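For reference, the structure discussed in these notes is given below.
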């Protein structure tokens with residue numbers, strides 16, 4: 072195992088960085104990502120002989136900003152406490168629109184898997200987690216892992232971008248109908264997206280055989296992203312992967328992350344831990 076990277080890694084290292092870089096951080100939120108990256112978080116006291124599971128983390132923010140602290144770094148530290156390596160993604164957003172976020176998400180999984188041996192990771196236990204619009208991106212990677220941009224080439228294309236497990240927190244799923252999150256739709260697809268783009272990016276339409284196990288958590292009274300997003304997605308997922316679970320809690324709060332004192336939904340990380348153990352991602356603790 073080589074020396075583990077500690078600093079952020081540029082996702083598209085073979086390309087010249089975009090300058091000037093508009094990226095800035097305000098109040099724990101990141102704006103204007105031009106040069107997407109992943110920031111690694113490593114568990115303490117790891118065994119040199121046991122490869123680690125890993126998770127790629129997509130913070131939410133409506134494809135306008137990234138809630139990098141409580142839906143990124145806090146999540147990474149929690150996974151580290153379970154012995155899971157974590158990688159927080161800064162992905163491109165409204166300044167680029169579709170398909171840039173999806174391409175960044177797929178590349179993030181490929182970069183982690185391509186470096187699995189060097190970093191002491193288990194290449195068969197690399198998952199994704201995303202929240203809100205980051206949940207839309209995580210669900211996009213989960214269902215569209217074979218997506219290719221017309222005419223584009225990726226030197227890591229031969230590396231599988233399919234996650235081995237997927238975790239979605241109050242995700243944006245559909246961009247059609249009354250449950251659509253209008254802000255995410257506009258930021259990702261623009262003011263007048265075609266019917267085809269809306270159909271393809273409404274991810275209940277992308278679920279197919281081969282989807283990895285999915286764990287979903289949502290508040291039944293979510294006022295920003297209606298719970299119907301998770302319901303319609305899980306309805307399709309359970310047809311193909313019975314190892315999946317949906318947990319709907321008695322809360323109207325959106326963006327609760329892993330914050331404490333949120334009522335019954337505060338318990339969801341422990342439920343997730345049990346699911347990860349039951350499905351063999353992590354060992355019983």
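Residue numbers (the numbering used here): 72 to 356. Glycine is no exception: its CB is placed at the ideal position from the N, C-alpha and C atoms. Since this is a predicted model, take the numbers as computed values, not measurements.
When burial is assigned at 16 or more other CB atoms within 10 Å of the CB, is residue i buried or exposed?
i, result
"residue 161", "buried"
"residue 242", "buried"
"residue 92", "exposed"
"residue 171", "buried"
"residue 82", "buried"
"residue 163", "buried"
"residue 77", "exposed"
Give every residue of the same chain whose Cβ lies closer than 8 Å to the Cβ of residue i, excluding the five residues on either side of it in the sequence, and list them in chain order.
i, result
"residue 269", "246, 247, 256 and 260"
"residue 333", "322, 324 and 327"
"residue 348", "354, 355 and 356"
In terms of alpha-carbon separation, which member of the options lies closest to residue i?
i, options, result
"residue 157", "171, 147, 89 and 225", "147"
"residue 299", "337, 310 and 252", "252"
"residue 317", "330, 342 and 335", "342"
"residue 303", "286, 284, 75 and 274", "274"
"residue 296", "282, 204 and 85", "204"
"residue 288", "117, 112 and 346", "346"
"residue 209", "135, 308, 141 and 237", "237"
"residue 234", "141, 155, 265 and 200", "200"
"residue 338", "355, 351, 145 and 320", "320"
"residue 329", "149, 85 and 107", "149"
"residue 112", "138, 183 and 131", "183"
"residue 175", "121, 244, 250 and 108", "108"
"residue 335", "310, 306 and 290", "290"
Assuming residue i and residue j are in contact, meaning their beta carbons sit under 8 Å apart, how far apart are those beta carbons, in whole angstroms?
i, j, result
"residue 198", "residue 239", "Going by Cβ atoms, the distance from residue 198 to residue 239 rounds to 11 Å, so no, they are not a contact pair."
"residue 179", "residue 127", "5 Å"
"residue 227", "residue 181", "4 Å"
Within the same chain, show all residues whose beta-carbon is closer than 7 Å to that of residue i, passing over the 5 residues directly before and after it, in chain order.
i, result
"residue 44", "Any question about residue 44 goes unanswered here, given that the chain covers just 72 to 356."
Given residue i, which residues of its chain have a CB within under 6 Å of its CB, disregarding the five upstream and five downstream residues?
i, result
"residue 312", "282 and 284"
"residue 110", "79 and 159"
"residue 153", "353"
"residue 125", "156, 183, 192 and 197"
inquiry  = Check whether the region 97-110 and the region 212-220 are in contact - that is, three or more C-beta pairs closer than 8 Å.
reply    = no
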